[in-house]
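Trainee: Below you'll find the structure I mean.
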Amino acid sequence: MNFLIEAFAWLADPTHWGGPNGIGVRLGEHLAYSVAGVALACVIAIPAGWWVGHSGRLRGLAVGISGGARALPTLGLVTLLGILFGIGLIGPMVAFVILALPSVLAGAYSGVEAADRQAVDGARASGMTEFQVLTKVEVPLGFPLLVGGIRSAFLQVIATATLAAYVGSGGLGRFLFLGLKTQDYAQMLAASLLVVALALVIDVTFAAIQRLTSPARFR
Amino acid sequence: MSPISRRRLGALTALAGLGVVAAGCSTGNPLAPSSAPATGKGSGATVVIGSQQYYSNEIIAELYAQALEASGFTVTRQYQIGQREIYLPELEAGKIDVIPEYSGNLLQYYDKKATATDAAQIATALGQALPKGLRALTAAAASDQDSYTVTKALADQYGLAAIADLTKAPQPVKIAANSEFATRPYGPAGVKTAYGVDLQLVPVEDSGGPLTLRALTDGTVQVADLYTADPSIAKNNLVILSDPKNLILPQNVTPIVSAKVDAKAAAAIEAVNSQLSVADLQQLNARSVDEQAKSADIASAWLKSKGLV
């Protein structure tokens with residue numbers, strides 16, 4: 049329990065919050081990295097997932113990618129990309145995108161696939177183009193599943209964004225690594241608690257979005 | 065190696081030391097196997113050599129092992145034991161007889177308040193700080209320590225030879241090192257006080273590994289904290305800046321031995337140390353990193369080239 053008390057004491061110390069190396073800045077960086085990583089993954093995975101879900105083509109590939117990519121060890125990836133691109137943000141950012149891709153992709157294609165077949169057939173029978181079927185029927189019906197995919201991607205990236213500090217970038221990982229290497233376990237635990245708190249806030253936010261976007265009968 | 069088997073080997077060593085011919089008959093230890101010989105094939109006694117969980121340390125241990133074998137001793141190898149907290153108690157307990165150590169850090173392990181800064185002072189202080197029963201043999205010239213390392217191009221461009229010269233390089237000077245570098249006496253604050261150099265730390269957490277090296281060679285940082293025995297220093301034509309005020313504690317390769325190591329064994333180990341320069345250590349390490357060569361092969365080739373075996 050002592051470490052926990054010391055960790056809270058570390059967090060309560062106002063001198064740890066301000067300045068260029070303070071918690072405020074690091075928390076902001078951490079959130080920014082996570083948002084950027086997930087946003088980039090969405091740009092790639094959502095259109096791809098919708099197309100796969102709508103057309104049914106390359107479904108095996110999408111399932112394979114969304115399963116296999118989850119098994120990639122992110123620290124190894126960060127190191128490899130760091131050696132490739134040099135230290136800084138490019139390596140970790142690519143790793144975060146790869147980490148977020150599977151969940152978003154799965155959410156996108158499974159949402160479209162799960163749209164009620166009768167509704168889709170009805171839309172097609174009433175003369176909608178394929179594009180209209182996708183955008184007016186399948187995507188809205190599958191939206192809660194997509195949000196669920198983004199939600200789980202976000203959680204993973206927030207928990208992993210600590211690795212940005214491994215290659216010289218910021219984020220809450222800076223406190224973790226410094227605590228680890230200097231046996232300052234209170235600081236390490238405090239940083240972990242901050243990551244947990246950030247993840248919880250994001251998760252609650254997404255839970256609300258998911259609920260708001262669900263069709264009325266599922267609420 | 066499991067704790068039980070190490071204990072068993074320790075028991076064997078103790079038996080050998082006592083000169084007991086038939087193992088197991090004079091002790092009640094049920095773990096002592098009756099088939100194992102109590103004394104080795106060599107004419108001398110059995111010496112147990114340990115090493116840290118660090119490839120370079122294992123190579124040094126193997127150098128000592130083969131030198132001892134050439135002098136007629138029987139050697140038991142117990143490599144990759146882990147860190148100081150684990151192997152030093154074993155050494156103090158007499159289960160290991162020889163381990164290659166690094167002078168500065170070892171001194172600090174036994175004496176947190178140590179003030180010695182240069183290699184000679186450290187060697188003297190270490191002699192006093194070591195626990196009863198252990199002694200340090202003469203240290204090698206080779207030192208595996210932190211360093212302020214720059215590229216040859218930068219060194220030539222601004223005439224950098226010592227750490228203090230970094231004031232001549234364009235500011236701010238960035239250094240890639242682990243995050244704990246910020247808290248070390250030889251970190252940015254220490255360098256500011258001793259040499260008046262302003263440093264900006266770029267934390268890269270791979271302990272002078274490939275990421276740190278890449279940051280240095282691609283110019284993201286101007287300085288990197290690399291270990292002086294790192295073969296990449298020679299391979300990339302890097303320049304280690306001198307540290308005349310000994311801000312960075314020297315880490316000369318120092319064999320720590322138990323009372324079982326007699327004058328003849330000590331002489332064999334010290335003969336190896338007298339030939340071991342930092343360039344030698346870099347070359348030995350390079351063979352492990354580049355060729356994935358085994359420590360035994362690396363050691364025997366080096367010892368032959370120096371005429372030690």
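So the sequence lines, in the order shown, correspond to chains A and B. Using the working numbering, you'd call the opening residue of the first sequence number 49 and step up by one each time. Using the working numbering, you'd call the opening residue of the second sequence number 65 and step up by one each time. Cβ coordinates follow ideal geometry from the N, Cα and C atoms, glycine included.
1) Within 10 Å of its beta-carbon, does A/Ser103 have 16 or more other beta-carbons around it, so buried, or fewer, so exposed?
2) Check whether chain A comes within 8 Å of B/Glu355, counting only Cβ atoms and requiring the distance to be less than that.
3) Which residues mark the beginning and the end of the beta strand (DSSP E) in which B/Ile312 is found?
4) Give me the Cα-Cα distance between A/Ala213 and B/Asp354, rounded to the nearest whole angstrom.
5) Within its chain, find whatever has a CB closer than 7 Å to the CB of A/Arg222; leave out the 5 residues flanking it on each side and keep chain order.
6) Is B/Glu269 helix, strand or coil when you go by DSSP?
7) Quick test of the definition: if touching needs 3 or more C-beta pairs under 8 Å, does the segment 308–321 of chain B touch the segment 152–169 of chain B?
8) In angstroms, rounded to a whole number, what distance separates the CA positions of A/Ile138 and B/Gly254?
9) Locate the beta strand (DSSP E) running through B/Glu165, then write down its first and last residues.
10) Quick check: what's the CA-CA separation for B/Asp175 versus B/Asp262?
11) Can you tell me which of the three DSSP states A/Arg259 falls into?
12) For A/Ala171 versus A/Val181, is the C-beta spacing smaller than 8 Å?
13) Output the boundary residues of the alpha helix (DSSP H) element that contains B/Tyr259.
14) Excluding sequence positions up to five away, which residues of its chain have a Cβ less than 7 Å from the Cβ of A/Val243?
15) Taking Cβ positions only, does A/Ile138 come closer than 8 Å to chain B?
16) Taking buried to mean at least 16 other C-beta atoms within 10 Å of its own C-beta, is B/Glu149 buried or exposed?
17) Report the partner residues of B/Val336 according to the DSSP bridge assignment.
18) At a CB-CB cut-off below 9 Å, which residues of chain B make contact with A/Arg222?
19) For a contact defined as C-beta to C-beta under 9 Å, what are the partners of B/Asp344 on chain A?
20) I need the straight-line Cα distance from A/Gly134 to B/Val162, nearest angstrom please.
21) Which of the three DSSP states, helix, strand or coil, is assigned to B/Val85?
22) Using 10 angstroms around the beta-carbon of B/Lys159, count the other beta-carbons present and answer buried if the total reaches 16, otherwise exposed.
23) Going by DSSP in three states, B/Val373 sits in which element: helix, strand or coil?
24) Alpha carbons only, please: which of B/Pro164, B/Asp210, B/Asp229 and B/Ile145 is nearest the one belonging to B/Leu340?
25) Rounded C-beta distance between A/Gly116 and A/Gly155? I'm assuming under 8 Å.
26) Just to make sure I have the definition right: I need the residues of chain A whose C-beta is within less than 9 Å of the C-beta of B/Asp282. Which are they?
27) Can you tell me whether A/Ile53 is buried or exposed? The criterion is at least 16 other CB atoms within 10 Å of its CB, across all chains shown.
28) Does the beta carbon of A/Phe225 sit closer than 8 Å to a beta carbon anywhere in chain B?
29) Taking C-beta to C-beta, are B/Leu198 and B/Asn337 nearer than 8 Å?
30) Check whether the Cβ of B/Pro295 lies closer than 8 Å to any Cβ atom in chain A.
Mentor: Based on what the coordinates show:
1) What you label residue 103 of chain A is simply residue 55 of the first sequence in a count that begins at 1. Burial call: exposed.
2) Within the second sequence, residue 355 of chain B is the residue found at index 291, counting from 1. Not closer than 8 Å to any Cβ of chain A, the Cβ of B/Glu355 fails to qualify, so no.
3) Indexing the second sequence from 1 puts residue 312 of chain B at position 248. B/Ile312 -> no beta strand (DSSP E), and no H or E assigned at all.
4) Numbered from 1 along the first sequence, position 165 holds the residue referred to as residue 213 of chain A. Numbered from 1 along the second sequence, position 290 holds the residue referred to as residue 354 of chain B. Whole-angstrom Cα-Cα distance: 28 Å.
5) Position 174 of the first sequence, counting from 1, holds the residue named residue 222 of chain A. The answer, listed in chain order, is Arg74 and Ala213.
6) Along the second sequence, one-based indexing puts residue 269 of chain B at 205. Reduced to three states, the DSSP call for B/Glu269 is coil.
7) yes
8) Here residue 138 of chain A corresponds to residue number 90 of the first sequence, with the count starting at 1. Here residue 254 of chain B corresponds to residue number 190 of the second sequence, with the count starting at 1. Approximately 32 Å, taken between the alpha carbons.
9) One-based indexing of the second sequence puts residue 165 of chain B at position 101. Annotation: the continuous beta strand (DSSP E) that includes B/Glu165 extends over Val162 to Tyr166.
10) Indexing the second sequence from 1 puts residue 175 of chain B at position 111. Indexing the second sequence from 1 puts residue 262 of chain B at position 198. B/Asp175 and B/Asp262: Cα-Cα distance of roughly 30 Å.
11) In the first sequence, counting from the first residue as 1, residue 259 of chain A sits at position 211. A/Arg259: helix per DSSP, three-state reduction.
12) Translated into the one-based positions of the first sequence, residue 171 of chain A becomes position 123. Translated into the one-based positions of the first sequence, residue 181 of chain A becomes position 133. Yes, the pair counts as a contact, with Cβ atoms nearer than the cut-off.
13) The count along the second sequence starts at 1 and reaches residue 259 of chain B at position 195. From DSSP, the alpha helix (DSSP H) with B/Tyr259 extends over Pro252 to Tyr259.
14) Counting from 1 along the first sequence, the entry for residue 243 of chain A is found at position 195. Closer than 7 Å at the Cβ level, and outside the excluded window around A/Val243, lie Ile206, Ala207, Thr210 and Leu220.
15) The residue given as residue 138 of chain A occupies position 90 in the first sequence. No, its Cβ sits nowhere closer than 8 Å to a Cβ of chain B.
16) Along the second sequence, read from residue 1 onward, the residue named residue 149 of chain B stands at position 85. Counting Cβ neighbours within 10 Å, B/Glu149 comes out exposed, since fewer than 16 surround it.
17) For this step, residue 336 of chain B is matched to residue 272 along the second sequence. None; B/Val336 has no bridge partner.
18) Counting from one through the first sequence, the residue named residue 222 of chain A turns up at place 174. Here the neighbours are Ser243 and Pro267.
19) Taking the first residue of the second sequence as 1, we reach residue 344 of chain B at position 280. By Cβ distance, chain A contributes nothing, its closest Cβ being about 28 Å from B/Asp344, past 9 Å.
20) Against the first sequence, residue 134 of chain A aligns to sequence position 86. Against the second sequence, residue 162 of chain B aligns to sequence position 98. Rounded to the nearest angstrom, the two C-alpha atoms are 41 Å apart.
21) The sequence position of residue 85 of chain B within the second sequence is 21, counting from 1. Low local confidence applies: a pLDDT of 40 at B/Val85 is under 50, so the model's placement there is unreliable, and no value is given.
22) For this step, residue 159 of chain B is matched to residue 95 along the second sequence. A residue is called buried once 16 or more other Cβ atoms fall within 10 Å of its Cβ, and B/Lys159 is buried on that count.
23) Residue mapping note: residue 373 of chain B aligns to position 309 of the second sequence, counting from 1. Three-state DSSP puts B/Val373 in coil, outside helix and strand.
24) In the second sequence, the residue the question calls residue 340 of chain B occupies position 276. When each option's Cα is compared against that of B/Leu340, the closest is B/Pro164.
25) Along the first sequence, read from residue 1 onward, the residue named residue 116 of chain A stands at position 68. Along the first sequence, read from residue 1 onward, the residue named residue 155 of chain A stands at position 107. 17 Å between Cβ atoms; not a contact.
26) Locating residue 282 of chain B in the second sequence gives position 218, where the first residue counts as 1. Per Cβ cutoff of 9 Å: Gly134 and Ile135.
27) Numbered from 1 along the first sequence, position 5 holds the residue referred to as residue 53 of chain A. With fewer than 16 Cβ atoms within 10 Å of its Cβ, A/Ile53 is classed as exposed.
28) Residue 225 of chain A sits at position 177 when you count from the first residue of the first sequence. So yes, A/Phe225 belongs to the interface.
29) Numbered from its first residue, the second sequence carries residue 198 of chain B at position 134. Numbered from its first residue, the second sequence carries residue 337 of chain B at position 273. Not in contact: B/Leu198 and B/Asn337 (Cβ atoms no closer than 8 Å).
30) To locate residue 295 of chain B, count along the second sequence from 1; it is residue 231. False, the Cβ-Cβ gap to chain A never drops below 8 Å.
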